[in-house]
Each structure stands twice: as structure tokens, then as C-alpha cells.
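So the mapping is simple: our numbering equals the position in the sequence shown, first residue as 1, plus 427.
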Amino acid sequence: MLHNKNSVRGALEDDVFAATDLSVAMPKYKFPDEERPPRHAFQVVHDELMLDGNSRQNLATFCQTWVEPEVSDLMTLSVDKNMIDKDEYPQTAELEARCVHMLADLWNSPEAADTMGTSTTGSSEAAMLGGLALLWKWRERRRAEGKPTDRPNLVTGPVQICWHKFTRYWDVEHREIPMEGDRLIMDPEEVLKRVDENTIGVIPTLGVTFTCQYEPVAEVAAALDKLQEDTGLDVPMHVDGASGGFIAPFCEPERVWDFRLPRVKSINASGHKFGLAPLGVGWVVWRDAEDLPEDLVFHVNYLGGDMAVFALNFSRPGGQIVAQYYNFLRLGREGYRKVHEAGYHTAQYLADEIAQMGPFELIYDGRGGIPGLTWKLKEGVDHGFTLFDLADRLRTRGWQVPAYTLPPDREDLAIQRILVRHDFSRDMASLLLEDYKRELKILDKHGLKESLTAEEGTSFHH
Ligand SMILES: *Cc1c(COP(=O)(O)O)cnc(C)c1O
């Protein structure tokens, strides 16, 4: 029996790369006209992804780049779960609520079982909500006193971009404490210089983006207590614990930075950073239910039931929250401590090695902040290369070790940073060091006709 070529075609499994579909380049910017088999489309998309960097070698990002296989399974199981639909997925909603109370407990809320909080897409959304609550509370206080509410301000140290967004989007004056000399974070004196009756809050960061250092939350709180005693001015605090909120409670439980300080009204943290959840989850928790103005909470009934929501997004994937809950059960305080301590040890090992290489001076050595390190070139010496050159050389081996200049008033200072995440093992660190030394030798031996400038070399990802 003869077969018409076309009738057999469907039954044959062509080699994917020999298929007619793949004999031409795919459309890039015009909406495709034709349908193609999933296998072909998959191969093409899969191969595009090869051109992305290798996330595990990206030592710039704070975000999770490795998960246990169980987390992948839970993510697949949750692919249909819309976390906003608390009526259809009440158990996912229950897991979210448990995470909020577990975090309130971890952060020492006096009423951990009753307080309020929510998951978010990350710390940026969480910061936005924390900032809004401060703004609303300040307005309430001012109105009750019959005072104007048109000139709110927010006092921060050198912050992550989310706080620049908050102040710009909500028209709040941002009083950002500039870096000065060797002081690269906020201190109580600088805070006191900037607070007044229009200050909606002070935001210390636990794990400053640029240097990895912790800002002195307890000292700032004490200074504001004293200010209140002296003048009656009562200025609340929100802690940006994007990284540190998931580190300090495990590794330094004696460090007082959280709801043990009554002045700390709310805290945000990124589940997808040191919370070890997959990308797409953050948290904000209020010390007490009454620190969250009821006015900001919406009640919706069209999904069935009465649902309280306080978030910028509506529909959002639920898998990250499910995975976060898994992590809490799986690791507990003990497991998180072990994971992060391993990170600190690797950071300190790297810091010691880099300090010994000669041209570098450490700025942060992995002690008293988050697991990571930052360093600069020794000043007053002509090295013949910049940190941007070194970062560029390391890219040839796939490593992303960002070099960047600091924000005001230390734009003159270029530094390099490594963040030690869960999956950056001691062995990988030793491989990186070998490459670092080799690239340094190449730069030393061959010199450069011209060094990369900050503009050309910046590969900094927040
Ligand atoms: C990462 C980070 C943010 C933003 O968090 P996302 O989870 O990426 O939205 C805010 N503040 C600090 C201190 C951070 O490190």
C-alpha cells in the first residue's frame, strides 16, 4: 500500500532540529501567524534561555537561585492556585495566614497570633504597604490635632530603590541620609537632624543593599525615645528587613531590631531572598493589628465570602506562599540557622582571601550584616585597573561579581560585592577565588590601554 507523504507526516516524530519549522528563524517582534507543535516551540524557547546568564554564578542577586526538588514539586502542584481567591483555595489562604503569624512570632510581635500582615510579590510591594500605613497613621494623628497634612516626609539611610518609588509615587518628601566618609549607613544623630512633626516614619534597613551592613535599629529607636521624652514628638519606625528579616532571628537572636522595640510598627522581608522561597513572594507584618489603618483594607465579596485584602496586586500565584510554608516546616529555626551560618562562613573565608591578595581593602567582611562581603581598591595607589575591569574579566568565566559606585555623597567610591546565597558552596567559592586571582594576574601582567569607567562597567543589580 502506498502512503501519501502528508498522511504519514503527522505520525512521524521528526528530529526537532531537522523539522521544517526550525529551518527558518522564528518571528521576533511580529505576532506569529501560524501554529507550531509544542515540541518545536519549546526547543526554541529553551534555547533562547541558554543566552541568559547562569543564575548560580550571579553573585549580585539577593534572590533565590536554587530550591529543593520538593519545592519544585509544590510549585507544579500549585500552578493553578490564585492566592487572591481565598474562597476557592481556602487552604492556600490558610497557609498564607499561618506564615504571617509565624513571622510575627519570629519577629517577636507581642500579639503574634492576632496581628495583621500579608504576603506580597516581594519587599517592594511590602515596603509600599508599610509606607502607606505610616502615611495614613500620620494623617490621622495630624487631623486629630487639627494640623496640616500636606508636607509629609520620610527619613531613611541609603535605601533600595523601592523607597524612592514609595516617596515619589505618594508625594512624600524623602530625607535620605547621605553617606559621609566611612559612615555608609544611618546613625542616630543623622536621623535626629532630619525628623520633625511631618515625619511619617524612620526606615532603617537590616542589610543595606550597597554594603550588606545592618543599620543600628535599636540605637535609632533609643534616640527617638529620648526625642519623645524631650519634645513629645512620637516618630514610628518601619524596618526594611528584606534580607536581614530572614537572617538575624536565626543567626543572632539576641540582636534587638524587631517588635521587641515598641517603636517598630511594621517590618517587611523578601521570602524569595534569605527566606529561601522561589521568586515572587515578600511579607509585611504589623506589630499590632491597630498599626494597620482599617481604612487601607478592602473587603471584596465577589469571589464568595467576605475577604479582607490589602495589596497592590489582585490575582497572584499561590505557589510561592505554599513553598514558603514548606520551608518554615522543613527548616524551622534550626535549619535556617544552619543554612545562613554556612553562608557567613563562606563570606568570611572569601573576605580573608580577598584581603590577602594585596590591592584590596575590605569594607564589609561578612560580620554584623548579611552573608556577603564588599571591598574597594586600596586608595592612593595607581593599580592600573579598576574594579570594573575585574568584573568584566570575570564575566568571561560566567561570574557576575558586580562593581558599582556608591550613592551620594560617596559617588567617588567604587566597590565590589559578593552575596553569599544558600547555593554558593565553599567549593564554588574556591573556584571563584582561583578565577579572581588569575584575572588579577592577567590585568597586572598585560595592563590595559584604557580602564572601564563606572558607566561602561556597571553591572549592578539590586
Ligand atoms: C531586595 C530589597 C528590596 C526589594 O525587594 P524585592 O523583594 O526585590 O521587591 C528592598 N529593600 C532591600 C533592603 C532589599 O535588599
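Even for Gly, the Cβ is constructed at its ideal location relative to N, Cα and C.
- At the C-beta level, Glu788 and Lys805 come within 9 Å of one another.
- Taking non-hydrogen atoms of ligand 1 into account, the C-beta of Ser857 is found less than 8 Å away from none of them.
- Note on the region 767-835: whole beta strand (DSSP E) runs with a minimum of 3 residues are 787-791, 799-804 and 830-832, in chain order.
- Contact between Ala539 and Asp532 holds: CB atoms are separated by about 4 Å, below the 8 Å threshold.
- The Cβ atoms of Gly672 and Ser697 lie closer than 9 Å to each other.
- Distance from the CA atom of His726 to the CA atom of Trp597, rounded to whole angstroms, is 23 Å.
- At a cut-off of 8 Å, the beta-carbon of Ala750 does not count as near ligand 1: no heavy atom of the ligand is closer than that.
- Annotation for Arg569: the continuous alpha helix (DSSP H) segment containing it runs Ser550 to Ala571.
- When Thr548, Gly557 and Leu846 are compared, the shortest CA-CA separation from Gly634 is found for Leu846.
- Residue state for Asp667 is assigned as strand, using DSSP reduced to three classes.
- Ranked by how close their Cα comes to the Cα of Asp623, the residues Ile612, Gln640, Pro615 and Leu581 have Leu581 in first place.
- DSSP places Ser546 inside the beta strand (DSSP E), whose first and last residues are Gly544 to Thr547.
- At the C-beta level, Met613 and Pro643 come within 9 Å of one another.
- Taking all protein chains shown into account, Lys508 has 16 or more neighbouring C-beta atoms within 10 Å of its C-beta and is therefore buried.
- By the neighbour-count definition (other C-beta atoms within 10 Å, threshold 16), Gly659 is an exposed residue.
- Taking every protein chain shown into account, the CB of Arg820 has 16 or more other CB atoms within 10 angstroms, so this residue is buried.
- In the structure shown, Val647 adopts helical secondary structure according to DSSP, grouped into three states.
- With fewer than 16 other beta carbons inside 10 angstroms of its own, Leu739 counts as exposed.
- Three or more beta-carbon pairs separated by less than 8 Å are not found between the region 627-641 and the region 703-720, which leaves the two stretches without contact.
- The nearest non-hydrogen atom of ligand 1 is 8 Å or more from the C-beta of Glu603.
- By the neighbour-count definition (other C-beta atoms within 10 Å, threshold 16), Phe701 is a buried residue.
- In the DSSP assignment, Phe593 falls within the alpha helix (DSSP H) that extends over Ile588 to Tyr596.
- For Arg824 and Pro663, the gap between their C-alpha atoms comes out near 47 Å.
- With 16 or more neighbouring CB atoms inside 10 Å of its own CB, Trp802 falls in the buried class.
- Assignment of Lys513 by DSSP, reduced to helix, strand and coil, places it in the coil class.
- When the beta-carbon positions are compared, His665 and Gly558 come within less than 9 Å of each other.
- In the DSSP assignment, Ile604 falls outside any alpha helix (DSSP H) and carries neither an H nor an E.
- Boundaries of the beta strand (DSSP E) harbouring Ile627: Thr626 to Ile630, taken from the DSSP string.
- Nearest C-alpha to Arg466 among Asp448, Met477 and Ala669: Asp448.
- DSSP places Asn754 within a helical segment (H, G or I) once states are collapsed to three.
- Relative to ligand 1, Ala669 has its C-beta within less than 8 Å of a heavy atom.
- At a Cβ-Cβ threshold of 9 Å, Ala716 and Arg690 do not count as neighbours.
- When C-beta atoms of the region 471-483 are compared with those of the region 497-508, fewer than three pairs fall below 8 Å, so the two segments do not count as touching.
- About 4 Å separates the Cβ atoms of Phe815 and Leu879, confirming a contact at the 8 Å cut-off.
- For Ser482, the shortest separation between its Cβ and any heavy atom of ligand 1 does not lie below 8 Å.
- A direct Cα-Cα distance of roughly 28 Å separates Leu654 from Ala553.
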